[in-house]
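Here you go:
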């Protein structure tokens, strides 16, 4: 056991070291967890900026205090003087900073810590379903459940990818869509459109309500890791996780209120393997409650109308 490992164990207790730089431990605020605590929920890293990561958010105050102690112990000598770091480590926790020059730093953080994020925040689809704030039963009900994320007067698009250009029937108010037993296509967007829209184009978007995050390269548990990192590091509210009926998951998040925050988020997510196309407000994404190729449902794995 090296010196940094000993210092970490003095703060968090016994650690199951997975390498010389990181290990599994008990969360300092485990007693405050509001859902089941799993074996791999908490990880302590002693390299770079020493950090205790925990999947849960209810323990944040206890974790923040433990992180302060951990960093003082490892990054300062016995007299409290800062120890010079030869590798000039980057900061791991992202702050919403309006300065444009932070973009390059965020990209560097994401690229250099990709493996760490995807390992620590790993979230399996079975756990998503089990931990959903709303009990999810018949996926055929997911279409109407999805519509509750909107206001009845919101004009939204539902259809297939090519149903745009001369298709006023695909642009209806949510109250009208509610009257149908199932969606008229496999796709929707996270946006509200202006009255009279016949084309799913960015210039016809009135308000972007949700940011949908997806990847064509990451596994489903890795996408779960991305969702949890967004909630923990960027403090973003998540409303739903949709299983597309194929190889990918879609995460529905609050739309960042400022353009610079959206740019920072994109700078963080794309290096992790997320698809940049869904940052376009009119980008079509899979709608829950529809059948994909008449076989598997596109369905919710996790849902919270109020966001969490």
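In the working numbering, the protein residues as written are 280 to 587.
Beta carbons are placed, not taken as given, at the ideal position from N, Cα and C, and that holds for glycine.
Per DSSP, the beta-bridge partners of residue 522 are 528, 578. Here the stretch 409 to 421 does not lie against the stretch 440 to 450, with fewer than 3 beta-carbon pairs under 8 Å apart. Between residue 283 and residue 325, the C-beta gap is smaller than 9 Å, which places the two residues in contact. Pairing residue 303 with residue 550, the inter-Cα distance amounts to about 26 Å. Residue 520 is positioned such that its CB atom lies closer than 9 Å to that of residue 506. Annotated three-state conformation of residue 423 is helix, per DSSP.
The C-alpha of residue 527 lies about 12 Å from the C-alpha of residue 579.
Beyond the five residues adjoining it in sequence on each side, residue 390 comes within less than 8 Å, by CB distance, of 550 in the same chain, given in chain order. When rounded, the separation of the alpha-carbon atoms in residue 498 and residue 322 is 21 Å.
For residue 566 and residue 470, the gap between their C-alpha atoms comes out near 13 Å. Exclusion of the five residues before and after residue 331 leaves 323, 342, 345, 346 as the residues of its chain whose Cβ lies within less than 6 Å of its Cβ. Secondary structure note for residue 399: its alpha helix (DSSP H) is the uninterrupted segment 393 to 399. With a 10 Å radius around the Cβ and a threshold of 16 neighbouring Cβ atoms, residue 298 comes out exposed.
Here residue 545 has 555, 558 as same chain residues with Cβ atoms under 7 Å from its own Cβ, once five neighbours each way along the sequence are excluded. Measuring C-alpha to C-alpha distances from residue 306 to each of 300, 290, 296 identifies 290 as the nearest. Assigned with DSSP and collapsed to three states, residue 320 falls in coil, not helix or strand. With at least 16 other beta carbons inside 10 angstroms of its own, residue 563 counts as buried. For the 9 Å CB-CB criterion, residue 493 and residue 523 form a contact.
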